[in-house]
Amino acid sequence: MKRTAMFNTYWQQYLQIKKPATLYEAARHLPFAGGKRIRPFLTTVACESVSGDAQKALPFAAGLELMHNFTLVHDDIMDHSMLRRNLPTVHVKFGEPAAILSGDLLFAKSFEAILGTSVDFSMFKQLQQDFIDCVIAICEGQQLDIEFEQRKTVPEQEYLDMISKKTGALFELSSKGGGLIGGGNPQEVAALQTYGMALGLAFQIWDDYLDMSSTATTLGKDIGNDIRNGKKTLIAVHCLSHATGKEKRLLDDIFGNRSASEHDVTKVYDLFRELGSVEYAQQRALHYVNQAKDAITVLKPSDAKELLHQLIDYIIQREK
Numbered sequence: 016m017k018r019t020a021m022f023n024t025y026w027q028q029y030l031q032i033k034k035p036a037t038l039y040e041a042a043r044h045l046p047f048a049g050g051k052r053i054r055p056f057l058t059t060v061a062c063e064s065v066s067g068d069a070q071k072a073l074p075f076a077a078g079l080e081l082m083h084n085f086t087l088v089h090d091d092i093m094d095h096s097m098l099r100r101n102l103p104t105v106h107v108k109f110g111e112p113a114a115i116l117s118g119d120l121l122f123a124k125s126f127e128a129i130l131g132t133s134v135d136f137s138m139f140k141q142l143q144q145d146f147i148d149c150v151i152a153i154c155e156g157q158q159l160d161i162e163f164e165q166r167k168t169v170p171e172q173e174y175l176d177m178i179s180k181k182t183g184a185l186f187e188l189s190s191k192g193g194g195l196i197g198g199g200n201p202q203e204v205a206a207l208q209t210y211g212m213a214l215g216l217a218f219q220i221w222d223d224y225l226d227m228s229s230t231a232t233t234l235g236k237d238i239g240n241d242i243r244n245g246k247k248t249l250i251a252v253h254c255l256s257h258a259t260g261k262e263k264r265l266l267d268d269i270f271g272n273r274s275a276s277e278h279d280v281t282k283v284y285d286l287f288r289e290l291g292s293v294e295y296a297q298q299r300a301l302h303y304v305n306q307a308k309d310a311i312t313v314l315k316p317s318d319a320k321e322l323l324h325q326l327i328d329y330i331i332q333r334e335k
């Protein structure tokens, strides 16, 4: 897509190699390995959907994508992940110290990028505060995600609150920020904000589904780690609340067992299907897809609005 190509050309300025080279090579590892660029795409299209100039949204979009990549580097360390985008994770390739520092560098670079956003001072202060609030929400969500691994069960609402912070917040700001930079009126900006959060929730729920339905090669990251880490995805949350007897004993033995074999992981995946947990998660993802579609009915017809609709459909049609 032309917007993604435009963005890829723009944001490379924040990832130039400097000394010490190892630090910058580690920081560039994931960004240059590809990625869907959904968040910057969303920011530029949201900007255009309110008759704004996509070029004007590029600095903010770059900040969001740098922030996203920072979270991936640190998440992979915390989740003991070996593979992302079909490449060794940063800590595997460069070691944990360099990975932690490269994540910190990406974090700093994200704030450097948003400084280039050309808006009036009051608007910039709002975008800056929204950006800070988003980072805080992501950290809170990640901590909750880790804490949930130690709990036997987690209520669905607590899970939804967690992913609204960990994943939804960045989608929400991507969409809202584009609307603000594009000069959208309060109703349009609110609609884009609602759209972004709903899109983020659908994305995360579908991502959890892909983690158990795709191959490592297709997905580009480890398969089965969610089971071994005791990750409370919506599928797991539903299954844990409906399992009884032998089913509970199987989950007690395997779910959260770091040394679980592929055969053991497959047993849990089969149980997820038998108890209807996979189908339930798909239905919930569709619920948020429809919520996102409803949110943007207030936007005027345009090519950008159509792209927002296409993005919704892509979220639940993708294989990785």
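Taking the numbering used here, the leading residue of the sequence shown gets 16, the next gets one more, and so forth. Using N, Cα and C, we set each Cβ at its ideal position, and we do this for glycine too.
Length of the line joining the Cα atoms of residue i and residue j
i    : j    : result
A307 : P35  : 44 angstroms
E203 : V65  : 7 angstroms
M82  : F122 : 6 angstroms
A275 : L265 : 12 angstroms
H14  : E40  : The first residue shown for the chain is 16 and the last is 335, placing residue 14 beyond what the model contains.
Q157 : P201 : 30 angstroms
Q71  : G197 : In the sequence on display, residue 71 carries Lys and not Gln. Each residue's Cα considered, the two are about 8 angstroms apart.
Q143 : Q172 : 29 angstroms
K108 : I92  : 12 angstroms
K315 : K191 : 16 angstroms
G110 : T259 : 42 angstroms
L98  : D119 : 20 angstroms
E321 : L87  : 30 angstroms
I153 : S189 : 14 angstroms
Q31  : M138 : 29 angstroms
G8   : H324 : There is simply no residue 8 to check, as the chain begins at 16 and stops at 335 in what is shown.
H95  : D135 : 43 angstroms
F163 : M177 : 9 angstroms
F75  : D285 : 43 angstroms
E187 : T59  : 13 angstroms
A251 : S292 : 7 angstroms
K261 : Y174 : 25 angstroms
H253 : T37  : 43 angstroms
F85  : T19  : 19 angstroms
For residue i, the residue or residues it bridges with in DSSP
i   : result
R99 : L102
Local conformation of residue i per DSSP, three classes
i    : result
N272 : coil
R299 : helix
N244 : coil
Q306 : helix
G118 : helix
I331 : coil
P112 : helix
T168 : coil
V65  : coil
A231 : With a pLDDT of 47 at A231, under the threshold of 50, the modelled position of this residue cannot be trusted; read the value that follows with caution. Here A231 sits in helix by DSSP.
G260 : helix
T58  : helix
L314 : coil
S133 : coil
K51  : coil
First and last residue of the uninterrupted alpha helix (DSSP H) at residue i
i    : result
N23  : K17 to W26
I147 : F136 to E164
T209 : P201 to S228
V280 : E277 to E289
V252 : L249 to H257
D90  : A69 to M93
Y174 : E171 to I178
L30  : First-last for L30: undefined, no H or E at that position.
L185 : A184 to I196
L38  : A36 to H44
For residue j and residue i, believed in contact at Cβ under 8 angstroms, the rounded distance
i    : j    : result
A206 : A69  : With 8 angstroms as the limit, A206 and A69 do not qualify as a contact, their Cβ atoms being about 18 angstroms apart.
L79  : L185 : 6 angstroms
Y25  : L73  : 5 angstroms
W221 : I327 : No, W221 and I327 are not in contact; Cβ-Cβ is about 11 angstroms, not under 8 angstroms.
L216 : Y303 : 4 angstroms
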